[in-house]
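Undergrad: To start, I am sharing the structure in question, which I have written as structure tokens.
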């Protein structure tokens with residue numbers, strides 16, 4: 295709001311009462327369909343023949359700045375699947391924009407045109423959100439048909455950052471982007487993952503015009519575990535300067551920092567202060583030390599307060615209703631941490647699969663998610679994600695850039711400045727999935743095995759369960775233990791089982807431990823005089839990465855992790871293992887001399903005791919194309935171990 299106020303006040307005297315030409319009123323699609331059909335001839339897959347986006351910022355009478363956007367697309371559909379997935383056009387929601395104009399048509403391969411008017415606009419309701427939406431249902435679409443539509447919407451202006459896709463999952467013959475604005479408003483534009491360039495010119499004395507033209511854009515296809523949206527060719531634009539009144543760097547991050555600081559660090563009333571004191575006392579944060587104070591607040595708020603879009607934003611309402619939106623929850627965390635004197639900083643970032651914050655192009659659409667950073671411990675928490683806890687924020691919000699809001703003081707004046715810095719990933723050593731097991735053979739029947747099994751989850755592995763176990767029923771705990779048992783062996787009988795470190799105080803401090811004793815007849819099979827023992831199955835089914843075609847995008851994991859597995863096998867008397875060397879597998883990859891991922895399994899044989907280690911290590915989330923094959927081999931090495939079967943044969 296402050297930004298728009300500055301812009302409007304700077305030009306009100308010039309533009310008030312002077313109508314500006316609306317560019318969308320000049321547009322109409324070509325009434326002739328022959329050219330489109332000619333362009334579609336011979337095409338065998340869905341292709342965009344035209345993709346046009348036109349944005350115009352206009353001052354209306356009274357001085358209000360508004361945004362008009364025209365979207366025009368024409369695509370040829372070639373298969374039943376393409377027709378099925380493109381048989382509807384969803385229109386902008388009324389609460390987001392005013393829909394001024396909509397036209398749609400289907401052009402069949404033989405030239406018949408089916409025009410769709412307003413009577414063909416249908417409405418439906420999303421059962422989950424309860425929101426209504428409108429859509430065109432295309433009729434008469436057959437293989438080789440062209441579906442064409444355009445619409446114009448009017449909305450409040452988006453000035454601080456917008457994104458336009460330049461490439462799709464299907465090829466595009468032509469892409470046109472136009473941005474029009476009053477000549478004194480200077481926009482900044484930047485393309486990513488593309489060499490397409492844009493140009494600027496002026497139309498008369500009043501209108502600035504930026505344009506981008508591109509042709510024959512190849513498809514940009516998704517791949518498993520790829521940051522597809524972040525890597526997809528795109529254009530970002532934002533308002534940068536108001537050249538009339540000299541206001542520049544309008545979308546700049548220091549302005550963001552000052553506005554956020556003014557909102558989140560405002561003084562609280564005495565009545566609110568007392569309510570905050572009550573929360574601190576109830577949580578145990580006052581009595582705790584160091585990081586435990588943060589953990590206590592985090593657990594208290596995520597147990598007793600609800601975060602959702604319709605929640606309150608003001609601290610008064612949040613405390614009254616115990617429901618907050620993202621900004622309301624940040625406000626509550628900040629108030630409690632400030633009361634305790636805990637040093638912290640607000641951080642803004644985005645899911646790295648969607649966007650990667652660019653420190654050289656300051657736009658607000660990079661700033662989608664909140665974190666709180668604690669410099670003394672170099673740790674983070676997510677204030678509005680109830681499924682995470684201190685030290686383990688949503689993993690896709692780490693290992694990327696963030697905007698840190700840092701307090702500055704000049705005398706009694708306090709404000710904030712912004713710094714773009716890296717949000718480090720939680721190291722692999724803090725997210726472990728460890729196993730220890732001892733296997734014995736029944737003396738009377740070697741086909742029966744008893745397994746003493748311990749599994750430890752820490753970090754992200756424990757976070758999905760440990761914060762809630764104190765509220766779980768006995769039946770729910772049994773289901774979790776049964777899941778752990780079946781991960782060892784689907785048909786195993788559970789003799790004894792227990793869980794350790796299941797209290798709130800253990801979250802983020804102690805691993806969640808499962809202890810089981812199992813009995814199974816499914817691991818050992820008799821083969822003549824020998825027995826076959828399925829050693830590899832003990833570590834559970836492993837991911838396998840096959841590659842049918844060359845990968846084009848980098849690979850990203852959610853979080854760094856490690857697995858430590860120790861298996862002790864008591865070999866039956868009178869038997870030996872014929873193929874013990876099959877256990878030895880080693881795959882690792884180093885970057886710059888540092889081991890970043892590995893799978894190593896080895897053994898030690900002492901008398902009738904075989905000790906086996908099978909460890910995995912992944913200390914890097916982002917795998918560049920040049921390292922992908924090495925990463926794939928490590929992943930597949932674990933799957934190779936999963937297939938190891940030991941041959942027990944009588945001693946000669």
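In our numbering, the protein residues as written are 295 to 946.
Each residue gets a CB set at the ideal place from its N, CA and C atoms; glycine is no exception.
I think residue 352 touches residue 314, with their Cβ atoms under 8 Å apart; what is that distance to the nearest whole Å?
TA: Sure, about 5 Å apart at Cβ, within 8 Å.
Undergrad: Tell me where the beta strand (DSSP E) around residue 508 begins and ends.
TA: It spans 501-511 - the beta strand (DSSP E) in which residue 508 sits, taken as one unbroken run.
Undergrad: Would DSSP call residue 845 helix, strand or coil?
TA: Residue 845: coil per DSSP, three-state reduction.
Undergrad: Ordered along the chain, which non-local residues of its own chain (more than five positions away) have a Cβ less than 7 Å from that of residue 652?
TA: If we look at residue 652 and ignore the five residues flanking it on each side, its Cβ neighbours are 660.
Undergrad: Determine the extent of the beta strand (DSSP E) in which residue 624 is found, giving its start and end residues.
TA: Careful: residue 624 lies outside any beta strand (DSSP E), inside the alpha helix (DSSP H) at 620-634.
Undergrad: Relative to the alpha-carbon of residue 385, which residue among 427, 372, 364 has its alpha-carbon at the smallest distance?
TA: Residue 385 has its Cα closest to that of 427, out of 427, 372, 364.
Undergrad: Assuming residue 883 and residue 891 make a contact with CB atoms under 8 Å, what is their CB distance in whole Å?
TA: About 5 Å; that satisfies the 8 Å criterion.
Undergrad: By Cβ distance, which residues of its chain are closer than 7 Å to residue 508, with the 5 residues on each side in sequence left out?
TA: These residues qualify, in order along the chain: 460, 469, 490.
Undergrad: Let me check one thing: in DSSP terms, what residues is residue 856 bridge-paired to?
TA: The partner list for residue 856 (beta bridge, DSSP) reads 726, 911.
Undergrad: Which of the three DSSP states, helix, strand or coil, is assigned to residue 300?
TA: Residue placement at residue 300 is flagged as unreliable, the pLDDT there being 45, under the threshold of 50; the coordinate-derived value follows with that caveat. In this structure, residue 300 counts as helix in the three-state DSSP scheme.
Undergrad: What are the start and end residues of each continuous beta strand (DSSP E) run of 3 or more residues lying completely inside the segment 423-455, in chain order?
TA: 426-431, 439-449, all fully within the segment 423-455.
Undergrad: For residue 814, report the span of its beta strand (DSSP E) as first-last.
TA: Its beta strand (DSSP E) spans residues 806-814.
Undergrad: Please report the straight-line C-alpha distance between residue 944 and residue 902, rounded to a whole angstrom.
TA: The alpha-carbon atoms of residue 944 and residue 902 are separated by roughly 13 Å.
Undergrad: Assuming residue 369 contacts residue 396 under a Cβ cut-off of 8 Å, what Cβ separation, rounded to an integer in Å, is found between them?
TA: That belief does not hold up - the Cβ atoms of residue 369 and residue 396 are roughly 17 Å apart, past 8 Å.
Undergrad: Among residues of its own chain, excluding the 5 on either side of residue 624, which ones have a beta-carbon nearer than 8 Å to its beta-carbon?
TA: 558, 640, 664, 666, 677, 678.
Undergrad: So, residue 933 versus residue 838, is the Cβ gap smaller than 8 Å?
TA: Yes, Cβ-Cβ distance for residue 933 and residue 838 is below 8 Å.
Undergrad: What does the alpha-carbon distance come out to for the pair residue 373 and residue 847?
TA: Those two C-alpha atoms are separated by around 27 Å.
Undergrad: Thinking just about the alpha-carbon of each residue, which of 327, 899, 692 is nearest to the one in residue 650?
TA: That would be 692, whose Cα lies nearest to the Cα of residue 650.
Undergrad: Have a look at the DSSP bridge pairing and note the partners of residue 906.
TA: Residue 906 pairs with 861, 897.
Undergrad: Using 8 Å as the threshold, is the segment 681-690 in touch with the segment 740-758, meaning 3 or more CB pairs across them?
TA: The segment 681-690 vs the segment 740-758: in contact.
Undergrad: Out of 817, 609, 770, which one is the CA nearest neighbour of residue 563?
TA: Of the candidates 817, 609, 770, the one whose C-alpha sits nearest the C-alpha of residue 563 is 609.
Undergrad: For residue 311, count the other beta carbons within 10 Å of its own beta carbon; 16 or more makes it buried, fewer makes it exposed. Which is it?
TA: Residue placement at residue 311 is flagged as unreliable, the pLDDT there being 42, under the threshold of 50; the coordinate-derived value follows with that caveat. That one is exposed.
Undergrad: Label residue 440 either buried or exposed according to how many other C-beta atoms from any shown protein chain fall within 10 Å of its C-beta, with 16 as the threshold for buried.
TA: Counting Cβ neighbours within 10 Å, residue 440 comes out buried, since at least 16 surround it.
Undergrad: Quick check: the Cα distance between residue 578 and residue 808, rounded to an integer number of angstroms?
TA: One C-alpha to the other measures close to 28 Å.
Undergrad: CB residue 647 to CB residue 518, shorter than 8 Å?
TA: Result no, Cβ atoms of residue 647 and residue 518 do not sit closer than 8 Å.
Undergrad: Could you give the DSSP three-state label for residue 593: helix, strand or coil?
TA: If DSSP states are grouped into helix, strand and coil, residue 593 belongs with the helices.
Undergrad: Does the separation of the CB atoms of residue 443 and residue 367 fall below 8 Å?
TA: Yes. Within cutoff.
Undergrad: Within its chain, find whatever has a CB closer than 8 Å to the CB of residue 430; leave out the 5 residues flanking it on each side and keep chain order.
TA: Contacts found: 382, 383, 385, 396, 398, 410, 414, 415, 416, 443.
Undergrad: If you reduce the DSSP assignment to three classes, tell me which class residue 936 lands in.
TA: Helix.
Undergrad: Look up residue 599 in the DSSP assignment and give the residues it is bridged to.
TA: None; residue 599 has no bridge partner.
Undergrad: On the three-pair Cβ rule with 8 Å, is the segment 802-820 touching the segment 734-749?
TA: Touching, yes.
Undergrad: Look at residue 855 and residue 833 and say whether their C-beta atoms are less than 8 Å apart.
TA: No, the Cβ-Cβ distance between residue 855 and residue 833 is not below 8 Å.
Undergrad: Could you have a look at residue 830 and say whether DSSP puts it in helix, strand or coil?
TA: Three-state DSSP puts residue 830 in a helix.
Undergrad: Under a three-way DSSP split, which group does residue 643 fall into?
TA: Here residue 643 sits in strand by DSSP.
Undergrad: Straight-line CA distance for residue 435 to residue 403?
TA: Roughly 10 Å between the two C-alpha positions.
Undergrad: When the Cα atoms are used, what is the spatial distance from residue 464 to residue 823?
TA: The straight-line gap from Cα to Cα measures roughly 60 Å.
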